[in-house]
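A.B. asks: Pasting in a structure now, in structure tokens, and then I'll have a few things to ask.
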Amino acid sequence: MREINLDNLDDIACGAGILGTGGGGDPYIGKLLAREAIRKHGPVRVVDIDEVAPDATVVPVSGMGAPTVLLERVPNGGEELAALRALEKHIGRPATHIAPIEVGGVNSMLPIACAAEAGLPIVDGDAMGRAFPEAQMVLPGLIGVTNSPMALADDKGNTIIVEAVDNHAAERIARAVCVELGCQISCADTVMRGDQLADGLVPSTLTLAERLGAAVREARAAHSDPVAAARAMLAGVHLLTGKVVDVSRRTEGGFARGRARVEGIAGEAGQVLELHFQNEHLLATRDGVTVATTPDLICVLDSESGDPVTTEGLRYGLRVSVLAARCDPRWTSPGGLALAGPRYFGYDVDYLPFGS
Amino acid sequence: MRIGIDVGGTNTDAALLGDDDRVLAAAKSPTTPDITSGVTAAVRALDPPVESITAVMIGTTHFLNALIEGARLAPVAAVRLGLPATAALPPMTDWPDRQRAAVGGHGYLCHGGREFDGRVLSPLDPDELKRTAADIAARGIGSVAVSSVFSPVAEDDERRAAEILRGELGDGVHFSLSHELGRIGLLARENATIINAALRDLATVIVESFGKALAEVSITAPFFLSQNDGTLMDVDFARTYPVATFASGPTNSMRGAAFLSGLGDCAVVDVGGTTADVGILAGGFPREAAGESEAAGIRTNFRIPDVLSLGIGGGSLVSPDGETGPRSVGYRLTEEALVFGGTTLTATDLAVAAGRADVGDAARVAHLDAGFVARALDRIADRLAESVDRMRTSAAPLPVVAVGGGSILVPESLPGFDNVRRPGNFGVANAVGAAIAQVGGEVDRVFHIPEGRRDAVLAEARDEAVGRAEDAGARRGTVHVVDIEEVPLAYLPGGATRIRVKAVGALDLHRIGTQQHGATAHA
Numbered sequence: 222m223r224e225i226n227l228d229n230l231d232d233i234a235c236g237a238g239i240l241g242t243g244g245g246g247d248p249y250i251g252k253l254l255a256r257e258a259i260r261k262h263g264p265v266r267v268v269d270i271d272e273v274a275p276d277a278t279v280v281p282v283s284g285m286g287a288p289t290v291l292l293e294r295v296p297n298g299g300e301e302l303a304a305l306r307a308l309e310k311h312i313g314r315p316a317t318h319i320a321p322i323e324v325g326g327v328n329s330m331l332p333i334a335c336a337a338e339a340g341l342p343i344v345d346g347d348a349m350g351r352a353f354p355e356a357q358m359v360l361p362g363l364i365g366v367t368n369s370p371m372a373l374a375d376d377k378g379n380t381i382i383v384e385a386v387d388n389h390a391a392e393r394i395a396r397a398v399c400v401e402l403g404c405q406i407s408c409a410d411t412v413m414r415g416d417q418l419a420d421g422l423v424p425s426t427l428t429l430a431e432r433l434g435a436a437v438r439e440a441r442a443a444h445s446d447p448v449a450a451a452r453a454m455l456a457g458v459h460l461l462t463g464k465v466v467d468v469s470r471r472t473e474g475g476f477a478r479g480r481a482r483v484e485g486i487a488g489e490a491g492q493v494l495e496l497h498f499q500n501e502h503l504l505a506t507r508d509g510v511t512v513a514t515t516p517d518l519i520c521v522l523d524s525e526s527g528d529p530v531t532t533e534g535l536r537y538g539l540r541v542s543v544l545a546a547r548c549d550p551r552w553t554s555p556g557g558l559a560l561a562g563p564r565y566f567g568y569d570v571d572y573l574p575f576g577s
Numbered sequence: 022m023r024i025g026i027d028v029g030g031t032n033t034d035a036a037l038l039g040d041d042d043r044v045l046a047a048a049k050s051p052t053t054p055d056i057t058s059g060v061t062a063a064v065r066a067l068d069p070p071v072e073s074i075t076a077v078m079i080g081t082t083h084f085l086n087a088l089i090e091g092a093r094l095a096p097v098a099a100v101r102l103g104l105p106a107t108a109a110l111p112p113m114t115d116w117p118d119r120q121r122a123a124v125g126g127h128g129y130l131c132h133g134g135r136e137f138d139g140r141v142l143s144p145l146d147p148d149e150l151k152r153t154a155a156d157i158a159a160r161g162i163g164s165v166a167v168s169s170v171f172s173p174v175a176e177d178d179e180r181r182a183a184e185i186l187r188g189e190l191g192d193g194v195h196f197s198l199s200h201e202l203g204r205i206g207l208l209a210r211e212n213a214t215i216i217n218a219a220l221r222d223l224a225t226v227i228v229e230s231f232g233k234a235l236a237e238v239s240i241t242a243p244f245f246l247s248q249n250d251g252t253l254m255d256v257d258f259a260r261t262y263p264v265a266t267f268a269s270g271p272t273n274s275m276r277g278a279a280f281l282s283g284l285g286d287c288a289v290v291d292v293g294g295t296t297a298d299v300g301i302l303a304g305g306f307p308r309e310a311a312g313e314s315e316a317a318g319i320r321t322n323f324r325i326p327d328v329l330s331l332g333i334g335g336g337s338l339v340s341p342d343g344e345t346g347p348r349s350v351g352y353r354l355t356e357e358a359l360v361f362g363g364t365t366l367t368a369t370d371l372a373v374a375a376g377r378a379d380v381g382d383a384a385r386v387a388h389l390d391a392g393f394v395a396r397a398l399d400r401i402a403d404r405l406a407e408s409v410d411r412m413r414t415s416a417a418p419l420p421v422v423a424v425g426g427g428s429i430l431v432p433e434s435l436p437g438f439d440n441v442r443r444p445g446n447f448g449v450a451n452a453v454g455a456a457i458a459q460v461g462g463e464v465d466r467v468f469h470i471p472e473g474r475r476d477a478v479l480a481e482a483r484d485e486a487v488g489r490a491e492d493a494g495a496r497r498g499t500v501h502v503v504d505i506e507e508v509p510l511a512y513l514p515g516g517a518t519r520i521r522v523k524a525v526g527a528l529d530l531h532r533i534g535t536q537q538h539g540a541t542a543h544a
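Protein chains in written order, with the numbering used here: chain A, 222 to 577; chain B, 22 to 544.
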């Protein structure tokens, strides 16, 4: 993939859904937006991290808000570009590259649309390698890149520049602004120089998303197991295949938290896996014993189709396969775990090293 | 007494049910292009005491077929209220070319709509709507689909916009409003609304055909159409909301299978002429497919039963290697199958050769090698069993109910499933399912749940759904909540939660006698 054209979008969207680990929003609307933008402006050129000049100005763009709102109050189409232009004006120089801040979910697609509209290349990599709920949960934060200045734009032409004292404060301010603006806005933030990308981004994740989606699609077409294909592509481990028997949800501090119980079927009958989620799946326990934790990826796939199942889409009776995959190793550093380890999310457990 | 009728692509099935719900008579007749003569033939074959008929319930796949074919669809003006939002993806963005061309592809983006919490997104602009009306009139379009951002939260904009447009366009133009048809998810709801608008003229024709057919057999009782969720709609509702019939076929078959077998929790294998549809019943209702669904390649968001289709039916072609389907002789079965004097080896011929069915002339398949027949039928059984296994959600023993005319292909036990039942009147399960359809009411919108008030808000939503079912003609005391879904809007504070509650109850036959238009139901 050296450029993204109309043919690549379905696979990227499917793979991004899996990398969303249950959150990040359904990429469907994002895929349509990227499709319209590419139809209008042509394919998007993709560059590897090491192809980017050291003094390049790389701007991640993304959407913030509620996936349900995105599905209903569909974007105007100019929001990402408006956020980008506001940020460029504020920092006094133009962006040379667009990057995804988050490859999981809908935020894999919005920067593709933005890159097409802006006529800029997109960097093959992202700041998470998965999906996380909060704006400060990005690897560039570990190397001292701030998410301020942050440009926010809505669909009515309002733009806001946030210059916060730290990344957590920027997240809180942006979240409050987001609600006021109708719960779905666009962001341009976490500006990086080209020479910071190697330390700040997870490389080749757009390519991974596309290959993951392609693996699922091809397995389905060949009547082989799409879940196994996804697991192989992620070098992941199988946790359980079963049926969702209970889902409980509550809203706490602005996030949909909850638990789901999956009971094993066929050869795994008798086993029970409990998933703990807060938009994303963050913890998996078997008979009370932790078997996987954030920041590693806990992915729930439809057992038949291999389609990703979002935490909002979990419902009684669904047959799902649960996989775990290793996160980028930088996430498991003390700084990474402070940002996105299980204790940050309020769970009383430590990170369980992958594969242990 | 009630009559249930299922107008399928090939056959029109009918069943007569007594007041005690027993099946008194059943009949099948070929579906005819004019619909009327097929329906009258099926009803005549029942020989019902016409004065004793209190209601007729009809299930039809006609509207879905029209959409799939892209035929008989009326041009539609799709008016969306949401600017400056939504402009990136205009109406019909994600439609297949054939269907978009069939409805004309006329989309209009206007101001209006709400935010998630009911705040104004942008004010309606009457002048903009009048200009839109002028363009619609100039194009001679007679059906308008209006969808407004967050109309499931606040429907006023759709109503006001329709009033303004109607004022310009006159009473002869049909309006379909999205909040009456779908759920949250603008594009999918708008799609359902546009499809509905495109079917309005056809709906009038079809409903008149049904009325004419019943009049011809001297039945004066009110008739109803069955909806996707196994509930009923009256004639006025059917004319206004034909799209709500789209998935009624599989729903009726499965509900009928539950009723005839007496099993509320089971797998249902419904075998027709070209396909076998496998679904799961829980508590007498079909398990619903998760998320959005597609109709003729178009995303919509009404709930439909979760059905796995495989290409095995009574008319399926059997190849020399013993594989059956997916090609089928379809409605030409009675001309092309060997037992009917034709030259094509079909699945029905296998069933007759094996002595499982007694149709046509068994002598015409006597020459088939018994080993070949047994292997081919075993292969069919394996594939059906595999499909049931894929659909089930636990390893616990699961009874299987086989219905439909092609269910002669289903043996008395399937690999892994010892308990296979083919109830009496299995061939007309869909008509029986229509006859026992209930009346429903539903709530689906975003509620605000203050701290500690969850139970009270849920109770409010339940009461509202029950009230809607009663308003729609359900007998008080029979209405119960069959489904509750509660999804907090993620990534946001404020306790905004989308709650969906569905309630159903028995049709109050006394009340339909006293109401001029019979029962109405909510989509």
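Glycine residues also receive a C-beta, built at the ideal position from the N, C-alpha and C atoms.
Identify each residue in the segment 371–397 of chain A for which the Cβ-Cβ distance to at least one residue of chain B is less than 8 angstroms, and report them in chain order.
C.D. replies: D376, K377, G378, R396
A.B. asks: For a contact meaning CB atoms closer than 8 angstroms, what does A/E257 contact in chain B?
C.D. replies: The count along the first sequence starts at 1 and reaches residue 257 of chain A at position 36. The answer, in chain order, is A109, L110, T114.
A.B. asks: Mind checking B/D148: buried by the 16 CB within 10 Å criterion, or exposed?
C.D. replies: Translated into the one-based positions of the second sequence, residue 148 of chain B becomes position 127. The residue is exposed, with fewer than 16 neighbouring Cβ atoms inside 10 Å.
A.B. asks: Can you tell me whether B/D379 is buried or exposed, with buried defined as 16 or more other CB within 10 angstroms of its CB?
C.D. replies: Your numbering for residue 379 of chain B matches position 358 in the second sequence. Exposed is the call here.
A.B. asks: Does the pairing of the segment 339–353 of chain B with the segment 299–313 of chain B give three or more beta-carbon distances under 8 angstroms?
C.D. replies: no
A.B. asks: Note down, in chain order, each residue of its chain lying with its Cβ closer than 6 angstroms to the Cβ of A/V458, except the 5 sequence neighbours on either side.
C.D. replies: In the first sequence, residue 458 of chain A corresponds to position 237, counting from 1. Cβ neighbours of A/V458 beyond the five flanking positions: A545.
A.B. asks: Could you tell me whether the segment 212–226 of chain B touches the segment 113–131 of chain B, using the rule of 3 or more Cβ pairs below 8 angstroms?
C.D. replies: yes
A.B. asks: Decide yes or no for the touch test of the segment 422–434 of chain B against the segment 253–270 of chain B: beta carbon pairs closer than 8 angstroms, at least 3 of them.
C.D. replies: no
A.B. asks: What does A/K464 pair with, by DSSP beta-bridge criteria?
C.D. replies: Start at 1 with the first residue of the first sequence, and residue 464 of chain A comes out as number 243. Bridge partners of A/K464: A/E484, A/R540.
A.B. asks: How many angstroms separate the CA atom of B/A482 from the CA atom of B/D504?
C.D. replies: If you number the second sequence from 1, residue 482 of chain B lands on position 461. If you number the second sequence from 1, residue 504 of chain B lands on position 483. For B/A482 and B/D504, the distance between alpha carbons rounds to 12 angstroms.
A.B. asks: Can B/R65 and B/A456 be called in contact, C-beta distance under 8 angstroms?
C.D. replies: As a first step, residue 65 of chain B must be located in the second sequence, where it is residue number 44. As a first step, residue 456 of chain B must be located in the second sequence, where it is residue number 435. Contact: no.
A.B. asks: Find out if the Cβ-Cβ distance for the pair A/L522, A/A451 is shorter than 8 angstroms.
C.D. replies: Along the first sequence, read from residue 1 onward, the residue named residue 522 of chain A stands at position 301. Along the first sequence, read from residue 1 onward, the residue named residue 451 of chain A stands at position 230. Cβ distance < 8 angstroms, so A/L522 and A/A451 count as in contact.
A.B. asks: Using 10 angstroms around the beta-carbon of B/T535, count the other beta-carbons present and answer buried if the total reaches 16, otherwise exposed.
C.D. replies: On the second sequence, position 514 is the one that residue 535 of chain B refers to. Confidence is the limiting factor: at B/T535 the pLDDT is only 42, short of 50, which leaves the residue's position unreliable, though a coordinate-based value still follows. So B/T535 ends up on the exposed side.
A.B. asks: Just verifying my parser: in three-state terms, what is the DSSP assignment at B/A395?
C.D. replies: The residue labelled residue 395 of chain B in the question sits at position 374 within the second sequence. If DSSP states are grouped into helix, strand and coil, B/A395 belongs with the helices.
A.B. asks: Please list the partners that B/F171 has in chain A, where partner means a Cβ-to-Cβ separation under 8 angstroms.
C.D. replies: Position 150 of the second sequence, counting from 1, holds the residue named residue 171 of chain B. Going along chain A in sequence order, the residues near B/F171 (Cβ under 8 angstroms) are E293, R294.
A.B. asks: Strictly below 9 angstroms CB to CB, what residues from chain B border A/L253?
C.D. replies: To locate residue 253 of chain A, count along the first sequence from 1; it is residue 32. Those within 9 angstroms of A/L253 in chain B are A109, L110, T114, D115, L208.
A.B. asks: Our contact map puts B/G30 next to B/T52 with C-beta atoms below 8 angstroms; I'd like the distance itself, whole angstroms only.
C.D. replies: What you label residue 30 of chain B is simply residue 9 of the second sequence in a count that begins at 1. What you label residue 52 of chain B is simply residue 31 of the second sequence in a count that begins at 1. Indeed they touch by this definition, with Cβ atoms about 7 angstroms apart.
A.B. asks: Give the straight-line distance between the Cα atoms of A/T532 and B/F323, rounded to the nearest whole angstrom.
C.D. replies: In the first sequence, the residue the question calls residue 532 of chain A occupies position 311. In the second sequence, the residue the question calls residue 323 of chain B occupies position 302. Their backbone Cα atoms lie some 20 angstroms apart in a straight line.
A.B. asks: So which residues on chain A does B/P105 lean against when the C-beta distance must stay under 8 angstroms?
C.D. replies: On the second sequence, residue 105 of chain B is found 84 positions in, with the first residue counted as 1. Those within 8 angstroms of B/P105 in chain A are N297, D376, K377, G378.
A.B. asks: Between the C-alpha atoms of B/T107 and A/L429, what's the straight-line distance to the nearest angstrom?
C.D. replies: Numbered from its first residue, the second sequence carries residue 107 of chain B at position 86. Numbered from its first residue, the first sequence carries residue 429 of chain A at position 208. Taking the straight line from one Cα to the other gives about 30 angstroms.
A.B. asks: Just the chain A side, please: which residues come within less than 8 angstroms of B/L142 by C-beta, in chain order?
C.D. replies: Numbered from its first residue, the second sequence carries residue 142 of chain B at position 121. Near B/L142 (Cβ distances below 8 angstroms), the residues of chain A are R294, G403.
A.B. asks: What is the DSSP secondary structure of B/L45, reduced to helix, strand or coil?
C.D. replies: Along the second sequence, read from residue 1 onward, the residue named residue 45 of chain B stands at position 24. Strand at B/L45.
A.B. asks: Mapping DSSP to helix, strand and coil, what is B/I216?
C.D. replies: Here residue 216 of chain B refers to the residue found at position 195 of the second sequence. B/I216 falls in the helix class under three-state DSSP.
A.B. asks: Let me know if A/G491 comes out buried or exposed under the rule of 16 or more other beta-carbons within 10 Å of its beta-carbon.
C.D. replies: As a working note, residue 491 of chain A is residue 270 in the first sequence. By the neighbour-count rule (16 or more Cβ atoms within 10 Å), A/G491 is not buried but exposed.
A.B. asks: Tell me which residue opens and which closes the beta strand (DSSP E) that B/S169 is part of.
C.D. replies: Translated into positions along the second sequence, residue 169 of chain B becomes position 148. 164–169 is the span of the beta strand (DSSP E), which, as asked, contains B/S169.
A.B. asks: Nearest by alpha-carbon distance to B/I240: which of B/S434, B/A527, B/L67 is it?
C.D. replies: As a first step, residue 240 of chain B is located in the second sequence; it is residue number 219 there, counting from the start. For the residues B/S434, B/A527, B/L67, the minimum Cα distance to B/I240 belongs to B/L67.
A.B. asks: Cutting at 8 angstroms between CB atoms, please list the residues of its own chain near B/G318, excluding the five before and the five after it.
C.D. replies: As a working note, residue 318 of chain B is residue 297 in the second sequence. Cβ neighbours of B/G318 beyond the five flanking positions: W116, P117, Q120.
A.B. asks: Which ranges does the alpha helix (DSSP H) cover as unbroken runs of at least 4 residues, wholly within the segment 449–491 of chain B, from first to last along the chain?
C.D. replies: Within the segment 449–491 of chain B, the complete alpha helix (DSSP H) segments at least 4 residues long are 450–456, listed from N- to C-terminus.
A.B. asks: Which residue comes first and which comes last in the alpha helix (DSSP H) that contains A/S577?
C.D. replies: Position 356 of the first sequence, counting from 1, holds the residue named residue 577 of chain A. Note, A/S577: premise wrong, no alpha helix (DSSP H); not H, not E.
A.B. asks: Let me see if you follow: with CB-CB separation under 8 angstroms, is A/E495 close to chain B or not?
C.D. replies: Within the first sequence, numbered from 1, the residue matching residue 495 of chain A stands at position 274. Not one chain B Cβ lies under 8 angstroms of A/E495.
A.B. asks: Using a cut-off of 8 angstroms between C-beta atoms, extract the partners of B/R377 located in chain A.
C.D. replies: Taking the first residue of the second sequence as 1, we reach residue 377 of chain B at position 356. The premise fails here: B/R377 is roughly 29 angstroms from chain A at the closest Cβ pair, so nothing lies under 8 angstroms.
A.B. asks: So the beta strand (DSSP E) A/Q492 belongs to, where does it begin and stop?
C.D. replies: If you number the first sequence from 1, residue 492 of chain A lands on position 271. Premise fails: A/Q492 is in no beta strand (DSSP E) and is neither H nor E.
A.B. asks: Is the segment 286–300 of chain A touching the segment 263–275 of chain A, taking contact as three or more C-beta pairs under 8 angstroms?
C.D. replies: no
A.B. asks: For the putative contact between B/L530 and B/A495, defined by C-beta atoms under 8 angstroms, what is the C-beta separation to the nearest angstrom?
C.D. replies: As a position in the second sequence, residue 530 of chain B is number 509, starting the count at 1. As a position in the second sequence, residue 495 of chain B is number 474, starting the count at 1. That pair is no contact at about 11 angstroms.
A.B. asks: Can at least three beta-carbon pairs, one atom from the segment 276–283 of chain A and one from the segment 234–254 of chain A, be found at a separation below 8 angstroms?
C.D. replies: no
A.B. asks: Given a limit of 8 angstroms on CB to CB distance, which residues of the segment 534–549 of chain A reach chain B?
C.D. replies: G534, R536, G538, L539, R540
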